[in-house]
Amino acid sequence: ANLITKDGYCKGIRIAINKKLVTNKEKKCILAEELGHYHKTVGNITDQSKINNRKQEIIARRWGYEKLISIDNLITCYKKGIPNKYEIAEFFDVTEEFLNESLSYYRDKYGAYYRIDKYIISFDPLWIIEKFEDF
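In the numbering used here, the protein residues as written are 569 to 703.
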C-alpha cells in the first residue's frame, strides 16, 4: 500500500501516517487503527478484496475504538456533563467521524442499549442515564 491512497500503514514495528492529514485528531484516529494492526493483525492485508484481510482491518479498527473511546470513558463524559457528540469528540480529541464509527461499533457489539454498573447507555441516539437506588 502507498500512503497516497491510504492514510496509515503498519509494517512490523514501524507505522507510517500520511503527511497530508491536516489535524492531529485525524492523525490520532489513524494511529489508533494502525496500532490495532500492530497488536492484532498478521501479515500483509493491503489487498482488501480478500475477505480475511477485510476482517483483519475491522479487528484493527475495533481495537482503536476501544482504546480511544471506551465505555468507561463515555461514562466519564456523562459525569463531567459533556452534553453532545461534538463536545465528546473534542474531549477525546478525535474526529466526529471516528466517534460515530465507535458508537456504531458498540451498537453492533452490545445492541441498542448497554447496562454497566449503575448506567444505561444508548448508542443511537447517544445518551447515558444513571440508575438511582430506591431508599
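All C-beta atoms, glycine included, are put in the ideal place defined by N, C-alpha and C.
Since the model is a prediction, treat every value here as computed from it, not as a measurement.
Contact under 8 angstroms by Cβ, residue i with residue j
i: residue 704; j: residue 660; result: Outside the displayed span of the chain (569 to 703) sits residue 704, for which this structure offers no information.
i: residue 598; j: residue 615; result: no
i: residue 639; j: residue 688; result: no
i: residue 600; j: residue 635; result: yes
i: residue 633; j: residue 669; result: yes
Neighbourhood of residue i by C-beta distance below 6 angstroms, restricted to the same chain and skipping five residues each side
i: residue 572; result: Any reading at residue 572 must be qualified, since the residue scores a pLDDT of 38, below 50, and its modelled position is unreliable; the value itself is stated next. Around residue 572: no qualifying Cβ.
i: residue 605; result: 578, 628
i: residue 602; result: 576, 578, 583
Helix, strand or coil at residue i [DSSP, three-state]
i: residue 697; result: strand
i: residue 584; result: strand
i: residue 670; result: helix
i: residue 604; result: helix
i: residue 686; result: coil
i: residue 614; result: coil
i: residue 579; result: strand
i: residue 571; result: In this prediction, residue 571 has a pLDDT of 41, which is less than 50 and means its spatial position is unreliable; what the coordinates show is noted afterwards. In the structure shown, residue 571 sits in coil (DSSP, three-state: anything other than H, G, I, E or B).
Chain-order list of residues whose beta-carbon lies under 7 angstroms from that of residue i (same chain, five-residue window excluded)
i: residue 594; result: 663
i: residue 608; result: 627, 628, 631
i: residue 656; result: 645, 650, 667
Cβ-based neighbour list, residue i, same chain, cut-off 8 angstroms, excluding 5 preceding and 5 following
i: residue 672; result: 691, 692
i: residue 581; result: 606
i: residue 646; result: 687, 696, 698
Any non-hydrogen atom of the ligand FAD closer than 7 angstroms to residue i Cβ
i: residue 623; result: Ligands are entirely absent from the displayed structure, and the ligand FAD is therefore not among its contents.
*Minimum length 4: unbroken alpha helix (DSSP H) runs contained in the region 633 to 661*: Segments of the alpha helix (DSSP H) lying fully in the region 633 to 661: 639 to 648, 653 to 660.
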